[in-house]
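Q: Okay, handing you the structure first.
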Amino acid sequence: MAEINVLIVDDEKEIADLVEIYLVSDGYKVFKASNARDGLSIINDEDIHLVLLDVMMPGMDGIEMCRKIREVSNIPIIMLTAKSGDLDKIMGLGTGADDYVTKPFSPLELTARVKSQLRRYTQLNPNNQQETASGEISIRGLLINRENHKVLVDDEEVKLTPIEFDILFLLASNPGKVFSTDEIFEKVWNEKVYEANNTVMVHIRRLRGKMKEDQRQDKIITTVWGVGYKIEK
C-alpha cells in the first residue's frame, strides 16, 4: 500500500487541523470532514484506510456514523471522545470501533494508535500483497485462514474486523490456554494496560455475536470466570 489515506471527522476545526499536521508529517494523506454525512461521502468516494471519528457531533453523531461504516467496511476506526466514562467507550466499541482516545489527548499518543491500527489492517487485509504466516486452524466447526483473513463457522463465512480476527486467532492458536483480558489486550493491541477497562470484553461480546454463539450449545469461546477466555480443541 503505497499511500495511506486517513479521514478525520471532527466538528472542532482546531483539533482536526492539529491532528492533520502530525499525520501529514508521518507521511499520511489526510481527508477532513466536519460532520458525519460529509465523512461518509468521502469514504464512498475515496480509498480510506483509517477513520478518526469524534463521538459528539451535531446531526449524526460518531456512534451512528460508526455503525454505518461497519455496514460496508472493516477499516480501522478510532473514536475521539470528550467523555471518559466507561459507558461512552463501550458504546463506541460495541458499534464496531477498534480503539478510542479520550480528549484532551497527546497527538503523539494518537499517531502511535494510528500506526498500530494501520499495521494490523495492512497485514491482515487480504488485498494487501504482504502476507502473514500461512496455514489454517480448525477447531470444532471453526476454520481460520490467517493468510487470507478468512473465518468460517460451521461452513458459514464470518466477517471480522482486524482486531476481532487477532483476538480469535490468539485464542485459537493456543487451544486450552486461558488468557486474561489484560494479556489479550497487551498481545493484540501491543500496548501495556495502564487502567482497568472493558475494551477486550466488548470485542469478545461482538465476536461471539458474529459467530452466533448464542445459538450454539457447544460454545467456541469459553469464559473462565474470574480468569479470562479460552478456546478448547
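Just so you know, the working numbering puts the end of the sequence shown at 352, numbered straight through with nothing missing.
C-beta atoms are modelled at their ideal positions from N, C-alpha and C, and glycine is treated no differently.
1. Using only alpha-carbon positions, find the residue among 141, 237, 265 that is nearest to residue 194.
2. Inspect the beta-carbon positions of residue 261 and residue 291 and report whether they are closer than 8 Å.
3. Using 10 angstroms around the beta-carbon of residue 239, count the other beta-carbons present and answer buried if the total reaches 16, otherwise exposed.
4. Nearest to residue 230 by alpha carbon, out of 286, 169, 190?
5. Helix or strand or just coil, what does DSSP make of residue 218?
6. The beta strand (DSSP E) spanning residue 347 covers which residue range?
7. Evaluate contact between the segment 134-141 and the segment 180-196, counting only Cβ atoms and requiring at least three cross-stretch pairs below 8 Å.
8. Do you know whose CA, among 278, 217, 287, lies nearest residue 317's CA?
9. For residue 190, which option in 162, 322, 330, 287 has the closest C-alpha, if you only look at C-alpha atoms?
10. Out of 158, 122, 349, 147, point me to the one whose CA is closest to residue 258's CA.
11. Identify, in the order they occur along the chain, each residue of the same chain with its Cβ nearer than 6 Å to the Cβ of residue 192, setting aside the five sequence neighbours on each side.
12. Measuring CA to CA, which of 326, 287, 158, 296 is closest to residue 307?
13. Just to confirm, are residue 199 and residue 159 a CB contact at a threshold of 8 Å?
A: Considering the structure as presented:
1. Ranking 141, 237, 265 by Cα distance to residue 194 puts 237 first.
2. A contact, by the Cβ cut-off of 8 Å.
3. Buried, by the Cβ-count rule.
4. Nearest to residue 230 by alpha-carbon distance, out of 286, 169, 190, is 169.
5. Reduced to three states, the DSSP call for residue 218 is strand.
6. Where residue 347 is concerned, the enclosing beta strand (DSSP E) stretches over 347-350.
7. By the criterion of at least three beta-carbon pairs nearer than 8 Å, the segment 134-141 is not in contact with the segment 180-196.
8. The shortest Cα separation from residue 317 among 278, 217, 287 belongs to 217.
9. Checking every option, the nearest Cα to that of residue 190 belongs to 162.
10. Of the listed residues, the one whose Cα sits closest to residue 258 is 349.
11. Closer than 6 Å at the Cβ level, and outside the excluded window around residue 192, lies no residue.
12. Ranking 326, 287, 158, 296 by Cα distance to residue 307 puts 287 first.
13. Going by C-beta atoms, residue 199 is not nearer than 8 Å to residue 159.
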